[in-house]
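Residue numbers (the UniProt record's numbering): 1 to 239.
Structure (C-alpha cells):
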C-alpha cells in the first residue's frame, strides 16, 4: 500500500461524477451535495492547478443491481456466498423474509425492516439466475473500467449519498440510496469519506474519494488536503 510514501497532489489525475446516471431505484442527488462537490472541484483547480475531468460511467446507473447480484454470487475462490437469510438465522435455519415481514407488521419479528427487505431482495434476485449472471458480468466489467480509468495516479470525486444525512428511520422510505457507497465495496476499490462542513440545516456534507486497488494512499492524501482546506469534521447543528 506504501502508506508512508509521500503523495504529490499536483500529479494526481482527478475525475468527477455528479451522480450515478439516473438509477430508477435511487433518489436524485440533492442540490447542496452537488454544490459542495463543485466547491471541491473549483478549489482543486485553483489551488493545485490541476484539471478535474468530468466522466460519465454508464454502468454506475445499475449500482444497486450490480451490488445485489455480486453479493450473492460465488466468491473469488469459487465457493458459494453465504445468503443473508442464513446470517439472519444466526447459523441456524435460514429466515424466511416474507414470514418475517408479516411478523414485523404485528410487532413480533426480532429483525429490523431493512434487514428483512434485504432478505427479500436477495430472494427476488435468485429467481432470475440469467439476469443475475449478466449483472455479475457487468460488475466485473465496471471494475475493470474503473481500474483502467484511475490507474496508479487517479482519484474519482463522487457523492457519498444522494441526500444529506436523513433523520432516523427515514431511509426505510428510500432503502436503496446506500448504493452510492455499496458499489465500491463490491468492486473492491478503496474509498475515503471526506467531510465538507454542514448544510443549510446543519447536517453533514461530504464527498467520496475513490482510487484503484491498493492506492489508498492517494485518497488519504487528498482527504487530508481537503480537511485542511474545508475545516474537516464539525459537530452537526445550526451555527
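Just so it is clear, CB atoms sit at the ideal spot from N, CA and C, and this is done for glycine as well.
| Query | Result |
| --- | --- |
| Which residue from 223, 203 and 231 puts its Cα closest to that of residue 237? | 203 |
| In the DSSP assignment, what residue or residues form a beta bridge with residue 143? | Its beta-bridge partners do not exist; DSSP assigns none. |
| What span of residues does the alpha helix (DSSP H) with residue 156 cover, start to end? | Note, residue 156: premise wrong, no alpha helix (DSSP H); beta strand (DSSP E) at 154-158. |
| In whole angstroms, what separates the C-alpha of residue 136 from that of residue 73? | 7 Å |
| Of the choices 107, 27, 142 and 105, whose alpha-carbon is the least far from that of residue 164? | 27 |
| CA-CA distance, residue 198 and residue 129? | 43 Å |
| According to DSSP, simplified to helix, strand and coil, what is residue 13? | strand |
| Can you check whether the CB of residue 40 is closer than 7 Å to the CB of residue 217? | no |
| Just checking, does the region 130-149 make contact with the region 54-61 on the three C-beta pairs under 8 Å criterion? | yes |
| Run the CB neighbour count on residue 35, radius 10 Å, all protein chains shown included, and call it buried at 16 or more, exposed below. | exposed |
| When you compare only the Cα positions, how much space is there between residue 194 and residue 23? | 24 Å |
| Bridge partners of residue 198, per DSSP? | 204 |
| Do the region 212-232 and the region 159-173 meet, that is, are 3 or more Cβ pairs less than 8 Å apart? | no |
| Look up residue 192 in the DSSP assignment and give the residues it is bridged to. | 209 |
| Taking the alpha carbon of residue 2 as the reference point, which residue from 230, 221 and 225 has its own alpha carbon closest? | 221 |
| Rounded to whole angstroms, what's the CA-CA distance from residue 127 to residue 98? Just pull it up for me. | 15 Å |
| Shortest alpha-carbon distance to residue 206 belongs to which of 29, 67 and 5? | 29 |
| For the alpha helix (DSSP H) that residue 25 lies in, which residues bound it at each end? | Counting along the chain, residue 25 falls outside any alpha helix (DSSP H), and DSSP gives it neither H nor E. |
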